[in-house]
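*Asks:*
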Amino acid sequence: MRDIHAIDGKFPPPEARYEVVVIGAGPAGIAAALEAARGGAQVLLVDENPVSAGLMGTDAPLFYGQRMTGAVQAKERMVEQVFAASPGLEEAFELGVNVQLGVYAWGAFTGGYGLKSLPEPVVGLADEERSWMVGFDRLIVAAGARDLALSFPGWDQPGVMGANALHALLTRYDAFSGRRLVILGSGQLALETALLALEHGLEVAALVEVRDAVQGREALADKVRAAGVQILTGQVIQRAEGGLDGVERILVAPVADPKTRGQAIECDTVCLAIGLVPAVELLDVLGAPLVADAARGGFVPVLDGAMVQGMAGVCVVGDAAGLDLGHANAHAYQTDWMRALIAAGDPSVIVCQCEEVSREALLAVRQPAYLGPPSNKMADRDIATLAEDGPVNQDQVKRLTRACMGVCQARRCREQVALTLAVATDTPVAQIPLAGYRAPVRPLPLKVLAAWDEAEAMSQGWDVWFGIPTQWTPYADIGTDREARHAEILGGNMHL
24 MRDIHAIDGK
34 FPPPEARYEV
44 VVIGAGPAGI
54 AAALEAARGG
64 AQVLLVDENP
74 VSAGLMGTDA
84 PLFYGQRMTG
94 AVQAKERMVE
104 QVFAASPGLE
114 EAFELGVNVQ
124 LGVYAWGAFT
134 GGYGLKSLPE
144 PVVGLADEER
154 SWMVGFDRLI
164 VAAGARDLAL
174 SFPGWDQPGV
184 MGANALHALL
194 TRYDAFSGRR
204 LVILGSGQLA
214 LETALLALEH
224 GLEVAALVEV
234 RDAVQGREAL
244 ADKVRAAGVQ
254 ILTGQVIQRA
264 EGGLDGVERI
274 LVAPVADPKT
284 RGQAIECDTV
294 CLAIGLVPAV
304 ELLDVLGAPL
314 VADAARGGFV
324 PVLDGAMVQG
334 MAGVCVVGDA
344 AGLDLGHANA
354 HAYQTDWMRA
364 LIAAGDPSVI
374 VCQCEEVSRE
384 ALLAVRQPAY
394 LGPPSNKMAD
404 RDIATLAEDG
414 PVNQDQVKRL
424 TRACMGVCQA
434 RRCREQVALT
444 LAVATDTPVA
454 QIPLAGYRAP
464 VRPLPLKVLA
474 AWDEAEAMSQ
484 GWDVWFGIPT
494 QWTPYADIGT
504 DREARHAEIL
514 GGNMHL
């Protein structure tokens with residue numbers, strides 16, 4: 024006998040379906056869409072750029088650091104700008120690819136445990152007004168990479184941003200508001216970021232590197248130095264100081280003596296170019312197997328060629344499949360930076376801006392101050408006692424401290440929390456489990472995500488939540504003689 028409360032078979036079919044859906048219109052995504060279209064497939068190519076000004080303000084999907092100009096509020100102009108900055112899109116149009124810009128992929132689902140109610144594999148899409156589902160035979164994820172953010176005193180003010188965000192604002196949006204930068208890092212990413220900034224007429228005051236030698240190719244470093252930019256090795260940022268408009272200067276000190284009086288460097292922007300992180304949000308929601316690989320930049324999908332292992336019809340291309348770091352070890356480099364920042368900084372530095380969680384509170388496993396003082400039982404716990412109970416798990420720490428639970432969806436803090444836990448417990452960062460992602464993977468308004476056109480069949484049998492009358496019994500009345508009275512009064516149809 025069929026359960027009338029079940030929802031299987033009640034979901035409407037997707038609004039549209041394509042043989043191939045490509046998420047991300049960067050070089051890898053465009054190339055994949057073109058190849059599929061040339062092969063005769065019906066192709067949908069989706070890209071979230073131009074990202075809305077509101078979403079940029081939450082540092083999603085990149086760490087923009089409030090350094091975008093007001094031009095990003097002109098949506099139509101930004102669409103033109105993004106199109107002009109991506110030459111391959113014109114060919115895609117000519118080949119009949121359905122190109123949708125300014126559209127977010129907030130989830131993707133291929134069935135499996137807990138998802139058998141879906142009519143077919145679908146990807147959830149949304150713009151600024153509504154959300155909808157699209158079916159597919161093959162899904163190609165080309166989501167790219169996002170910025171790695173690490174905290175120091177003053178990093179939570181306008182003017183501290185990521186290298187990928189700077190690249191996007193300079194080349195894709197033409198909407199960067201800064202003028203004079205300090206770049207953290209000296210690897211390929213940092214050196215290329217410095218040269219890009221110089222090409223766009225910006226000043227680069229310095230590159231700051233915690234290791235004793237430049238980490239990128241010497242030929243690139245020579246170009247940076249030839250432009251008059253100093254590369255400070257064996258140095259760490261102590262803090263960023265600023266005013267109403269954000270960053271005005273930073274202080275740097277030797278890694279060997281991080282508490283000494285720092286050298287001041289005037290700037291209006293601090294660009295974090297220590298590393299990037301493969302964007303695996305959609306893949307994790309899909310249930311793709313992920314593995315920590317320091318040579319590929321962090322947690323990356325397990326692939327057979329471009330196909331996700333064990334997931335027929337799901338492919339990953341570009342930086343989302345893993346970064347090309349050569350022989351570099353991303354985890355070791357990031358850990359060196361984290362150790363230096365911890366030594367130079369203050370325990371009260373905020374590591375999770377959204378939830379206002381300090382490094383001190385994180386390691387004490389304390390809830391945010393706005394939730395009040397901890398219980399006596401929790402006051403006796405910290406990360407050391409937690410580690411005695413078993414391997415440190417970032418999802419567990421997230422639930423206890425709320426670090427990584429904010430509107431940025433942990434884009435600013437996920438990796439640095441893992442690095443902090445690794446340093447504090449002397450655990451290789453690769454052994455800290457990935458804090459899981461959930462749909463929606465973009466912080467979209469409920470009015471956009473709500474299914475206002477819900478099918479009538481979906482409400483059948485839902486007189487109460489999953490047919491449980493006691494869901495409507497006040498908590499205080501449970502277990503008292505008033506509980507039966509509530510059930511009697513609420514008998515029958517209990518729609519509100």
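Per the numbering used here, the sequence shown starts with residue 24, numbered consecutively.
Even for Gly, the Cβ is constructed at its ideal location relative to N, Cα and C.
Hey, could you find the ends of the alpha helix (DSSP H) residue 217 is sitting in?
*Replies:* 211-222
*Asks:* Quick one: residues in its chain with C-beta nearer than 8 Å to the C-beta of residue 168, no 5 flanking neighbours on either side, listed in chain order?
*Replies:* 187, 299, 300, 301, 302, 320, 342, 343 and 346
*Asks:* Quick one: complete alpha helix (DSSP H) runs, 4+ long, within the segment 403-453?
*Replies:* 406-412, 417-424 and 437-448
*Asks:* With a 10 Å radius around its C-beta and 16 neighbouring C-beta atoms as the bar for buried, classify residue 250 as buried or exposed.
*Replies:* exposed
*Asks:* Indicate, with yes or no, if the ligand HEM has a heavy atom lying under 7 Å from the CB of residue 369.
*Replies:* The ligand HEM is not part of the structure shown, which contains no ligands of any sort.
*Asks:* Indicate whether residue 272 and residue 159 have their beta-carbon atoms separated by less than 8 Å.
*Replies:* no
*Asks:* Provide the residue span of the alpha helix (DSSP H) that contains residue 358, from first to last.
*Replies:* 353-367
*Asks:* So the candidates are 465, 173, 506 and 393; which of them puts its Cα closest to the Cα of residue 367?
*Replies:* 173
*Asks:* Taking the DSSP output, what are the residues bridged to residue 482?
*Replies:* DSSP, once it has assigned bridges, lists no residue as partnering residue 482.
*Asks:* For residue 19, which three-state DSSP category applies?
*Replies:* This structure cannot settle anything about residue 19, because the visible part of the chain is limited to 24 through 519.
*Asks:* Out of 449, 459 and 466, which has the shortest C-alpha to C-alpha gap to residue 304?
*Replies:* 459
*Asks:* Need the endpoints of the beta strand (DSSP E) that residue 121 sits in, please.
*Replies:* 121-124
*Asks:* Can you tell me whether residue 282 is buried or exposed, with buried defined as 16 or more other CB within 10 angstroms of its CB?
*Replies:* exposed
*Asks:* Can at least three beta-carbon pairs, one atom from the segment 52-67 and one from the segment 80-93, be found at a separation below 8 Å?
*Replies:* no
*Asks:* What does residue 373 pair with, by DSSP beta-bridge criteria?
*Replies:* 381
*Asks:* Starting from residue 131, trace the beta strand (DSSP E) in both directions and tell me its first and last residue.
*Replies:* 127-132
*Asks:* Alpha carbon to alpha carbon, how far is residue 373 from residue 207? Give it in angstroms, no decimals.
*Replies:* 19 Å
*Asks:* Kindly provide the ranges of any beta strand (DSSP E) runs that are 3 or more residues long and lie completely inside the segment 278-362, ordered along the chain.
*Replies:* With a minimum length of 3 residues, the continuous beta strand (DSSP E) runs that stay inside the segment 278-362 are 286-289, 292-295, 299-301, 313-316, 321-324 and 337-339.
*Asks:* Exposed or buried, what is residue 171 when buried is set at 16 or more other beta-carbons lying within 10 Å of its beta-carbon?
*Replies:* buried
*Asks:* For residue 371, collect the residues of the same chain with a Cβ closer than 7 Å to its Cβ; drop the 5 residues on either side in sequence, then sort them by chain order.
*Replies:* 381 and 383
*Asks:* For chain D, check one thing: does any of its Cβ atoms lie closer than 8 Å to the Cβ of residue 162?
*Replies:* Here there is only one protein chain, and chain D is not present.
*Asks:* By DSSP, does residue 258 sit in helix, in strand, or in coil?
*Replies:* strand
*Asks:* Using only alpha-carbon positions, find the residue among 312, 476 and 336 that is nearest to residue 527.
*Replies:* Any property of residue 527 remains undetermined from this structure, which presents the chain solely from 24 to 519.
*Asks:* On the three-pair Cβ rule with 8 Å, is the segment 274-291 touching the segment 98-114?
*Replies:* no
*Asks:* Under a three-way DSSP split, which group does residue 106 fall into?
*Replies:* helix
*Asks:* In chain order, what residues of the same chain have a beta carbon less than 6 Å from the beta carbon of residue 416, not counting five sequence neighbours either side?
*Replies:* 456
*Asks:* On a CA-only basis, which of 361, 483 and 244 is nearest residue 438? Give me that one, please.
*Replies:* 361
*Asks:* With DSSP run on the structure shown, which of helix, strand or coil describes residue 161?
*Replies:* strand
*Asks:* From residue 134 to residue 306, what distance separates their C-alpha atoms?
*Replies:* 14 Å
*Asks:* To the nearest angstrom, how far is it from the Cα of residue 162 to the Cα of residue 57?
*Replies:* 14 Å
*Asks:* Would you mind giving the Cβ-Cβ distance between residue 405 and residue 233, rounded to the nearest angstrom? I have them listed as a contact below 8 Å.
*Replies:* Rounded, the Cβ-Cβ distance is 27 Å, inconsistent with contact.
*Asks:* Using the Cβ count rule (16 or more neighbours within 10 Å means buried), how would you classify residue 287?
*Replies:* exposed
*Asks:* Keeping to the same chain, check which residues put their C-beta closer than 8 Å to that of residue 466; ignore five residues upstream and five downstream.
*Replies:* 78, 81, 83, 430, 431 and 432
*Asks:* What's the C-alpha gap between residue 244 and residue 235?
*Replies:* 14 Å
*Asks:* Measuring only the C-alpha atoms, how far is residue 518 from residue 379?
*Replies:* Any answer about residue 518 is weak, because its pLDDT of 40 lies below 50 and its placement is not dependable; what the coordinates show is given next. Cα to Cα, residue 518 sits roughly 39 Å from residue 379.
*Asks:* Let me check one thing: in DSSP terms, what residues is residue 91 bridge-paired to?
*Replies:* Looking at the DSSP output, residue 91 bridges to 199.
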